[in-house]
Every structure is written in C-alpha cells, then in structure tokens.
Amino acid sequence: MAYKTITASKLTPTLGAEISGIDLSQPISADQLADLNQAIADHQVIFFRDQTLDPASLKRVGQYFGELQAHALKGLPDHPEVRKLHADETSKHVAGEEWHTDMSCLAVPPMGSILYMHTLPTLGGDTIFASMYAAYDALSPGMKTYLETLTATHDGALAFGRFDPEGKFPKAVHPVIRTHPVTGKKVLFVNRGFTSHINGVSREESNALLQYLYNHAENAYWQVRFRWTPHAVAFWDNRCTQHLAVWDYFPQLRSGFRVQVEGNPADY
Numbered sequence: 022m023a024y025k026t027i028t029a030s031k032l033t034p035t036l037g038a039e040i041s042g043i044d045l046s047q048p049i050s051a052d053q054l055a056d057l058n059q060a061i062a063d064h065q066v067i068f069f070r071d072q073t074l075d076p077a078s079l080k081r082v083g084q085y086f087g088e089l090q091a092h093a094l095k096g097l098p099d100h101p102e103v104r105k106l107h108a109d110e111t112s113k114h115v116a117g118e119e120w121h122t123d124m125s126c127l128a129v130p131p132m133g134s135i136l137y138m139h140t141l142p143t144l145g146g147d148t149i150f151a152s153m154y155a156a157y158d159a160l161s162p163g164m165k166t167y168l169e170t171l172t173a174t175h176d177g178a179l180a181f182g183r184f185d186p187e188g189k190f191p192k193a194v195h196p197v198i199r200t201h202p203v204t205g206k207k208v209l210f211v212n213r214g215f216t217s218h219i220n221g222v223s224r225e226e227s228n229a230l231l232q233y234l235y236n237h238a239e240n241a242y243w244q245v246r247f248r249w250t251p252h253a254v255a256f257w258d259n260r261c262t263q264h265l266a267v268w269d270y271f272p273q274l275r276s277g278f279r280v281q282v283e284g285n286p287a288d289y
C-alpha cells in the first residue's frame, strides 16, 4: 500500500486509516487523486485531521470523486448538495444514530460520503464504521450460498419518516450480497437503518434473518471507532461499510457538513 503523495496509517487490521501529507483546502493534483482513490479502496474509510473547509470547499473536494448527490432531506440554500449535520440541546434525533449504509433506499446509492466536523462536544460524538467485506467473509459457506439467492427492500421512510412524517421517500431492491465494483470483493448489503424486509420469504423468516444479519454486521471485530477532533474529515466507501454516529454527548453541540458522491448506475 505505497502511495506517491500521501501517507496512510492503519487504525485497525480490518479497516480505517488516517491520511497525512495533503491539504484538502488546496487543489488536488492528479497524483494525489489517484492516491486517495487507491487509499479508499485499500482501507474502506479514510480520515484527515486539521483541515480547514467550508461548504463550498467541501463540495469542491467531493466533486473530484464524482457528481454530488442532493440529499433526500434539504441541503443548504446556496449548496443543495451539502447537508448540515447539527445537534444541540434542542435535538430529538441526530443523523446516523442507527447503523446504516447511506441512502441504500436509492436504486443507485451514493458511492461514498465525505463528512467535515468543525464543532465538537468536549467528549463523545465518535463515529463507528464496520467492514461489510469482513462481515461477508465471516459467514458460513451455507449461509453465503443461501443469501446469494435473496434480495431485500430498502425504504427511506424507515430512516427519514421521523423527521418528515408526511414526506415521500424512495424505495429500492438490492441483492443481499453484492460485489464491490472496484475491488471485486463480496459484501453483505443489508442495514438496520434502511432495510425493511427480505423479499420472497415470510415476514417471520425475514425478521429473524435480518435481525441475525444486523447483529452480525455490527460485530466489534470488524469495526473502527473514529474520535473526532475539530476540523477533521472522514471519507467512507458506502459500498462496503456501515456506520453509526454515537449520540452520547447530549446536550452539547456537534456540527459539520457532509456531501455524498453519486454511485455508478452500471454497478447496480
């Protein structure tokens, strides 16, 4: 995992690396972009410290990796592709407080997400990521064979209905086991936040199977826990990870911005 322009320090044996040697507020060169694309393929989620960004510059960073996706919930007035993530003493819910893969309710979910946090609580507010490569690899051969035959429905109302009870949210059907378009590795592709049911089986079988798969996907052995510092950035590959925003800091303030990079329709 040698890179020309950056250094990557692994955080766990399974996933996650801190990247140094790059200033994201400056234009990204072709060599730097190649290294970052390789790093996200190698580590599934990468982190940067001490970056000074705002909505416009965060959007510019995201656009190096593809078209940006407007979120199902409202973006910023001047930058609809940028979503503000903010929690304080008035919050009843926070974004990402349940294990999920971003927007798997879309027919073409985002390739990845880039989150910049500028204001943090004095303690807490970590984000935990889990590798769905490792989750798939740890399944028994028989379970892998069975899951290969199944699809699941992903429903945006499960995640967003509490924020907008009258809203209309997308639904999509995806294979339970997918193949990553870049690495060729297989991944488990159901998540607690969006997956409503397994198709073609009874509700009882679907509920039991999903509960097993959720617990399996969230196993601590294939997780990395990122402790945020002010002006840090996380960039995760949405096609092979799940994540959880730990809301253990109420009523303190936690605030930042996020963009999502469009997926490739050919991959779905």
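With my numbering, letter number 228 in the sequence shown gets 249, and the count goes up by one each step, no holes.
In this text, a Cβ means the ideal position worked out from N, Cα and C, and glycines have one as well.
Keep in mind the model is a prediction, meaning the values are calculated, not measured.
Tell me whether Leu-127 counts as near the ligand COA, meaning its Cβ is closer than 7 Å to at least one heavy atom of that ligand. Among the ligands in the structure shown, none appear at all, so the ligand COA cannot be discussed.
Since Leu-209 is in the beta strand (DSSP E), which residue starts that stretch and which ends it? One-based indexing of the sequence shown puts residue 209 at position 188. Note, Leu-209: beta strand (DSSP E), 207 to 209.
List the whole-angstrom C-beta distance separating Ala-301 from His-175, where the pair is believed to meet the contact cut-off of C-beta under 8 Å. The question about residue 301 has no answer here: the residues shown for the chain are numbered 22 through 289.
Cβ atoms of Leu-36 and Val-245: under 8 Å apart, would you say? The sequence position of residue 245 within the sequence shown is 224, counting from 1. The sequence position of residue 36 within the sequence shown is 15, counting from 1. Against a cut-off of 8 Å, the Cβ pair of Leu-36 and Val-245 comes out as a contact.
Helix, strand or coil for Leu-89 per DSSP? If you number the sequence shown from 1, residue 89 lands on position 68. DSSP places Leu-89 in strand when its eight states are reduced to three.
Could you check the C-alpha separation between Ile-27 and Asn-58 for me, to the nearest Å? Sequence index remark: in the sequence shown, residue 27 carries index 6 (1-based). Sequence index remark: in the sequence shown, residue 58 carries index 37 (1-based). Answer to the nearest angstrom: the Cα atoms are 11 Å apart.
Measure the alpha-carbon distance for Gly-42 versus Tyr-167 and round it to whole angstroms. Along the sequence shown, one-based indexing puts residue 42 at 21. Along the sequence shown, one-based indexing puts residue 167 at 146. Approximately 45 Å between the Cα atoms of the pair.
Tell me, which residues are paired with Gln-244 by DSSP? Against the sequence shown, residue 244 aligns to sequence position 223. Per DSSP, Ala-151.
Look at the alpha carbon of Ala-290 and the alpha carbon of Thr-262, and state the distance between them as a whole number of angstroms. Only positions 22 to 289 of the chain appear in the structure, and residue 290 is not among them; the question remains open.
When you compare each of Tyr-85, Leu-171, Phe-69, Leu-54 to Leu-32 by their alpha carbons, which one comes out closest? Taking the first residue of the sequence shown as position 1, residue 32 is located at position 11. Cα-wise, what sits closest to Leu-32 is Phe-69.
For Lys-192, which three-state DSSP category applies? For this step, residue 192 is matched to residue 171 along the sequence shown. Strand at Lys-192.
DSSP-derived helix/strand/coil call for Phe-271: For the purposes of this step, residue 271 is taken as residue 250 along the sequence shown, with counting starting at 1. It is coil, neither helix nor strand.
DSSP bridge partner residues for Gln-263 (one or two, in chain order): Translated into the one-based positions of the sequence shown, residue 263 becomes position 242. Answer by DSSP bridge pairing, in chain order: Ala-151.
Per DSSP, the bridge partner or partners of Lys-165: By one-based count along the sequence shown, residue 165 stands at place 144. DSSP output for Lys-165 lists no bridge partner at all.
Helix, strand or coil at Glu-39 according to DSSP, with G and I counted as helix: Within the sequence shown, residue 39 is the residue found at index 18, counting from 1. Three-state DSSP puts Glu-39 in a strand.
In the structure shown, what three-state DSSP assignment does Ala-287 receive? If you number the sequence shown from 1, residue 287 lands on position 266. Ala-287: helix per DSSP, three-state reduction.
Close beta carbons around Glu-169, own chain, < 6 Å, minus the five adjacent residues each side: Translated into positions along the sequence shown, residue 169 becomes position 148. The answer, listed in chain order, is Ile-198.
Can you give the beta carbon distance from Trp-249 to Gly-83, rounded, assuming they're within the 8 Å contact cut? Along the sequence shown, read from residue 1 onward, the residue named residue 249 stands at position 228. Along the sequence shown, read from residue 1 onward, the residue named residue 83 stands at position 62. Their Cβ separation, rounded to whole angstroms, is 19 Å, which puts Trp-249 and Gly-83 out of contact at 8 Å.
Can you list, in chain order, the residues of its chain whose CB lies under 6 Å from that of Tyr-157, leaving out five sequence neighbours each side? By 1-based counting over the sequence shown, the position of residue 157 is 136. Taken in chain order, the residues that qualify are Lys-207, Val-208, Leu-209.
For chain B, check one thing: does any of its Cβ atoms lie closer than 8 Å to the Cβ of Ser-276? The structure shown contains no chain B; it is built from a single protein chain.
Excluding sequence positions up to five away, which residues of its chain have a Cβ less than 8 Å from the Cβ of Ala-55? As a first step, residue 55 is located in the sequence shown; it is residue number 34 there, counting from the start. Within the same chain, Ala-55 has close Cβ partners Lys-25.
In this structure, does DSSP put Lys-80 in helix, strand or coil? On the sequence shown, residue 80 is found 59 positions in, with the first residue counted as 1. Lys-80: helix per DSSP, three-state reduction.
Are the beta-carbon atoms belonging to Val-254 and Gly-133 less than 8 Å from one another? Along the sequence shown, read from residue 1 onward, the residue named residue 254 stands at position 233. Along the sequence shown, read from residue 1 onward, the residue named residue 133 stands at position 112. Gly-133 sits away from Val-254, with the two beta carbons spaced by 8 Å or more.
If you run the structure through DSSP and keep just helix, strand and coil, what is Ser-227? Here residue 227 refers to the residue found at position 206 of the sequence shown. Correct three-state label for Ser-227: helix.
Is Gly-277 helix, strand or coil when you go by DSSP? Position 256 of the sequence shown, counting from 1, holds the residue named residue 277. Strand, per DSSP.
If you draw a straight line from the C-alpha of Gly-188 to the C-alpha of Phe-215, how long is it? Looking up residue 188 in the sequence shown gives position 167. Looking up residue 215 in the sequence shown gives position 194. Approximately 15 Å between the Cα atoms of the pair.
Cβ neighbour criterion (16 or more within 10 Å) applied to Lys-95: Start at 1 with the first residue of the sequence shown, and residue 95 comes out as number 74. That one is exposed.
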